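Residue numbers (the working numbering): 3 to 156.
Glycine included, C-beta positions come from ideal geometry on N, C-alpha and C.
Treat the numbers as computed from the prediction; the structure is a model and nothing was measured.
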């Protein structure tokens, strides 16, 4: 689905459910990760999560669009457009928009994270680090001794 198609769908849903035109832009934003969509207060544009459309389909996208249109129309009318406002909750119920979108569960933990292990030459104090460190710049916090690399993966 292209951004032009999304724009057309948003305009149609706005007329059907709100009897008001949508005169700004609606488009996919591939950087959205944790939210289904976003209404931008300054520009009045609506950004949508392409990953949710790919995973759940048109019905989920329709619900997200209706949710964002509730924010849009209430904000332009000067009413309560935030999630906790009663105007917003009431309009969500009237148009049948969901309060929350479905979640795409990311596969986490499949890649092993590199842990760098360092040790003091004198007192054998161990240091675990997520990032590589320059052992010439640092000394042991216990005895002040020199640090050496023990292993790249733990």
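- Every alpha helix (DSSP H) of 4 residues or more that sits fully in the stretch 38–65 is shown, in chain order, as 52–58.
- The beta carbon of residue 95 sits closer than 6 Å to no other beta carbon from its chain once the five residues preceding and following it are set aside.
- Secondary structure at residue 16: helix, using DSSP grouped into helix, strand and coil.
- The C-alpha of residue 51 is placed about 12 Å away from the C-alpha of residue 3.
- When beta bridges are read from the DSSP output, residue 102 appears opposite no residue.
- Separation of residue 123 and residue 49 (C-alpha to C-alpha, rounded to the nearest whole angstrom) is 55 Å.
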